[in-house]
Amino acid sequence: MNAIDHLERVAARDAGRGIGPLAQAAAGGLRAAATGIAAVSAPSLAFVTGCFVVRSEPPAPETDGPVGAALAAAAFARIGIEARLVTDARCAAVVRACAPDLPLHVGDEPDPLEEELAAAGVTHVVFVERLGPAADGVVRNMRGDDVSAVTPPLHRLADGPWATIAIGDGGNEVGMGALPPPLVAATVAHGERIHCAVACDALIVAGVSNWGAIALAHAVALLIAGADAADRGAAVADRGASVATRGADAARACLSPAAHDAVLAAAVAAGAVDGVLGRPVASVDGVDPAVQHEILLALAAAR
């Protein structure tokens, strides 16, 4: 098994939702996403994230999504690949806290955001734990509750003039429309109702969406630092091997357990909650922090 396929398997470790069949159906999505980025001479990424939890007290954005998007965006910036974040007004404070030094676009209407991203030269939009509508147009959480009122239609950015990558862990996120409805219905609780119908060019199914975003950054770093010159792609062809390798090493430093914990703490301080527990605690999707660190270290070890 090569390193990128190993990354995909590590990121897809089941966190309790039984998403194995979805991950299997999406196998190869991480490689497609990473090579697609590396193939562009001047890639520019926009990470669209933010999921508002209505059942928490008080209702708040969750830690899954913003943390991973921020870590991945920071890593890409270290590589020399432009990266920015996009979210809606309800989630803006948390996303900003996660990445105070990166460009942030905030809006509840997709058309102005699309204009901003196009003007910035964005080549790839990456959705990370961003909920989208089912076939009936309703956005639902994992319980099957209608959360359309707190989920502005940023899924429509998938229709813009760029490649689309999507990362999800439950079936109701943007990009999951790439999977067959019967598969999602048979795999996920309420799957027939919550399955997001919005597809994407490359889908990454992860046990926790943050893991998928971090795996994407590691995968591109591996292509830059570990592949031969012919496989690195246009994104690094003019930089030279030593410069590319130094950038990849710096990117990996942004993805360490310590970096993760610092960004997670910033998210919680800004009001984020664990989406499963519904409380403002420094955890993601109810996963034990020790397991989070185990996954992060396993991702970092891929070579």
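Quick note, the sequence shown lines up with residues 262 to 564 if you use our numbering.
The C-beta atom is built at its ideal place from N, Cα and C for all residues, glycine as well.
Span of the alpha helix (DSSP H) around residue i
i, result
"E453", "452-455"
"A354", "353-359"
"G281", "281-286"
"A531", "Premise fails: A531 is in no alpha helix (DSSP H) and is neither H nor E."
"V271", "264-272"
Top-ranked residue by Cα proximity to residue i, from the options
i, options, result
"A530", "L363, R270, V328", "V328"
"L558", "R391, V542, H521", "H521"
"N263", "L538, L283, D397, L483", "L483"
"F337", "V411, L306, R278, P361", "L306"
"I556", "V399, A528, G539, A519", "A519"
Span separating the alpha-carbon of residue i from that of residue j
i, j, result
"G429", "V548", "16 Å"
"V445", "A303", "36 Å"
"R351", "V534", "13 Å"
"L383", "M403", "First, the residue type needs correcting, since residue 383 is Val and not Leu in the sequence shown. C-alpha separation (whole angstroms): 31 Å."
"H385", "V524", "23 Å"
"E434", "G468", "13 Å"
"A273", "R339", "25 Å"
"D572", "P322", "A question about residue 572 goes unanswered here, because the residues of the chain that appear run from 262 up to 564."
"A354", "G393", "21 Å"
"L378", "P422", "10 Å"
"G326", "A526", "14 Å"
Proximity test, Cβ basis, 8 Å: residue i and chain D
i, result
"R540", "Within the model displayed, chain D is absent; a lone protein chain is all it includes."
Rounded distance between the beta-carbons of residue j and residue i, thought under 8 Å
i, j, result
"S470", "V389", "6 Å"
"L268", "L464", "Between L464 and L268 the Cβ distance is about 15 Å, and since that is not below 8 Å, they are no contact."
"R391", "G311", "7 Å"
Beta-bridge pairing of residue i - partner residues as DSSP gives them
i, result
"S305", "E343"
"I426", "V387, A463"
"T412", "DSSP lists no partner for T412."
"M548", "The question names Met, but residue 548 is Val in the sequence shown. V545, per the DSSP bridge assignment."
Residue interval of the beta strand (DSSP E) (run including residue i)
i, result
"L440", "No beta strand (DSSP E) holds L440; DSSP gives it neither H nor E."
"L365", "365-367"
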